[in-house]
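Colleague: Okay, here's the structure, questions in a sec.
Residue numbers (my numbering): 157 to 333.
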């Protein structure tokens, strides 16, 4: 197992993108147990400067969250999103898979093609399955890259209303109406 663990460690370390267990198994010698090796690595890296983290259905090596400030100089790439883009991204993250019409209904205003294009270009959203409704509209979903960028294992890890209110990001009173 030690040799398999070393191989998995090398693959995760060298990979810029998260790697699934099936991809690891495809690269390892026949009969290797990638899932077990990942779990052993995860334990070994606990409390270290880097950690083995789950990103969606894949695994990656990332800087420990408490040491992220050390990497800021290297990773500063400011790209401001418009309020419309932020709202659209949040709606997609919380309501996925969601159609453009559903986004517009939730926001109360139309969504420009440029907003969707910007989020697609960033790699934070992707096309989902078409809805089985008249017109078969396309749906949108967040990507692994979105989850990775925001340090989430899955969209279920997004904060709920209680956490958002506690952080002062939502008003504590219900909206008028």
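We treat Cβ as the ideally placed atom computed from N, Cα and C, and that holds for glycine.
For clarity, every value in this text was computed on a predicted model and none was experimentally measured.
Taking DSSP's pairing of strands, which residues face residue 206 in a bridge?
Modeller: Within the chain shown, the letter at position 50 stands for residue 206. DSSP, once it has assigned bridges, lists 219 as partnering residue 206.
Colleague: Please report the distance separating the alpha-carbon of residue 316 from that of residue 212.
Modeller: By 1-based counting over the chain shown, the position of residue 316 is 160. By 1-based counting over the chain shown, the position of residue 212 is 56. Cα-Cα distance, rounded: 19 angstroms.
Colleague: In whole angstroms, give me the CA-to-CA distance for residue 277 and residue 209.
Modeller: As a first step, residue 277 must be located in the chain shown, where it is residue number 121. As a first step, residue 209 must be located in the chain shown, where it is residue number 53. Cα-Cα distance, rounded: 25 angstroms.
Colleague: By Cβ distance, which residues of its chain are closer than 7 angstroms to residue 332, with the 5 residues on each side in sequence left out?
Modeller: Reading the chain shown from its first residue, position 176 is the one you call residue 332. Residue confidence for residue 332 is low, a pLDDT of 47 falling below 50, so the modelled location carries little weight; the figure read from the coordinates is stated next. No residues qualify anywhere along the chain.
Colleague: List the endpoints of the continuous alpha helix (DSSP H) containing residue 194.
Modeller: For the purposes of this step, residue 194 is taken as residue 38 along the chain shown, with counting starting at 1. Here the alpha helix (DSSP H) through residue 194 covers 190–200.
Colleague: Given this structure, state the Cα-to-Cα distance separating residue 228 from residue 290, to the nearest angstrom.
Modeller: Residue mapping note: residue 228 aligns to position 72 of the chain shown, counting from 1. Residue mapping note: residue 290 aligns to position 134 of the chain shown, counting from 1. Their backbone Cα atoms lie some 47 angstroms apart in a straight line.
Colleague: If you reduce the DSSP assignment to three classes, tell me which class residue 164 lands in.
Modeller: Here residue 164 corresponds to residue number 8 of the chain shown, with the count starting at 1. Of the three classes helix, strand and coil, the one that applies to residue 164 here is helix, per DSSP.
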